[in-house]
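Peer 1: In our numbering, the protein residues as written are 4 to 315.
(1) Would you identify the three-state DSSP class for residue 26, choosing helix, strand or coil?
(2) Note down, in chain order, each residue of its chain lying with its Cβ closer than 7 Å to the Cβ of residue 292, except the 5 sequence neighbours on either side.
(3) Could you give the first and the last residue of the continuous alpha helix (DSSP H) run that contains residue 192?
(4) Cutting at 7 Å between CB atoms, please list the residues of its own chain near residue 283, excluding the five before and the five after it.
(5) For residue 296, name the three-state secondary structure that DSSP assigns.
(6) Let me confirm a value: residue 145 is counted as buried when at least 16 other C-beta atoms fall within 10 Å, else exposed. Which label applies?
(7) Please state the DSSP three-state secondary structure of residue 284.
(8) Using only the alpha-carbon positions, how far apart do residue 165 and residue 180 sit?
(9) Grouping DSSP H, G and I as helix and E and B as strand, with all else coil, what is residue 19?
(10) For residue 203, name the three-state secondary structure that DSSP assigns.
(11) Quick one, which of 143, 212, 194 has its alpha-carbon nearest residue 280's?
(12) Anyone know if the C-beta pair for residue 269 and residue 188 falls short of 8 Å?
(13) For the alpha helix (DSSP H) containing residue 239, name the first residue and the last one.
(14) If you measure between the beta carbons of residue 157 and residue 224, is that distance less than 8 Å?
(15) On the DSSP letters alone, give me the boundaries of the alpha helix (DSSP H) that residue 217 sits inside.
(16) Determine, using beta carbons only, whether residue 294 and residue 254 come nearer to each other than 8 Å.
(17) Beta-carbon separation of residue 244 and residue 168 under 8 Å?
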């Protein structure tokens, strides 16, 4: 259903999308604090383990350290990082890799018997290394949090637009547009019969459509959506605005003063706008579903307008 519930965004900057639904333990494990501490603890254990290994086997310690750290990065990237954050995470890793190589080289020299760093200077080097790693971790967290906030803002905008557009589409689709239009235009031409007065002109009446609210509120976020989604959403609201204008025109005294044929012509134009609004509404819903990672065709239809499909 196009207007149905949307999958919630992860509550942690490192993922675990569904654990928050599994009770108190799930909520704790889904919290960003828990996940971040696990990541930091894993890095600390890897460095400590590599250093201890170094004391036991000097030939393999450095290689082990490198592989452990790279394995941790791959694990975090593949398992914990949501797909919408992976591009940002990858950019940070590319920046971190050269610095990480320097850190590994420094740690390697600290534990070497022929180290170029004097013994008295080694605590300073270790402290500086830890500060550098802390700065890198803070930068990584800052970027990931910013990306997640941006993603959440986009999802909120998509959900709001989806709900509003579906409400308009559902209202239009619950009436056989073309059949009703032909019947109404025939009545305009022929008029209606009143037993007391005789034949009277027929003036169709349409209820006014509401003004869009979600579109105005989401206008700041729309440029960040996919190009196809933006095009479909903007075209839908343009068609909807034209349709509202024609509906208002058809309820004026000026419209009533026109001849029957001219009223029919105006009604035909309004019918085209109704069809166009429905087509582009279906297109917008399909693109929103696609951007949300859903089936684009997952839209509930009434079945009264089988010939009116999403605009290609």
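No residue lacks a Cβ here, since even glycine has one placed at the ideal position from N, Cα and C.
Peer 2: Here's the rundown:
(1) Reliability of the predicted coordinates at residue 26 is poor, the pLDDT of 43 falling under 50, and the value obtained from them is presented with this limitation in mind. The answer is helix: DSSP assigns residue 26 an H, G or I state.
(2) 5, 298, 299, 301
(3) 180-193
(4) 235, 238, 239, 242, 314
(5) coil
(6) exposed
(7) helix
(8) 22 Å
(9) Bear in mind that a pLDDT of 38 at residue 19, under 50, signals an unreliable position, so the model cannot answer this.
(10) strand
(11) 212
(12) no
(13) 230-253
(14) yes
(15) 217-220
(16) no
(17) no
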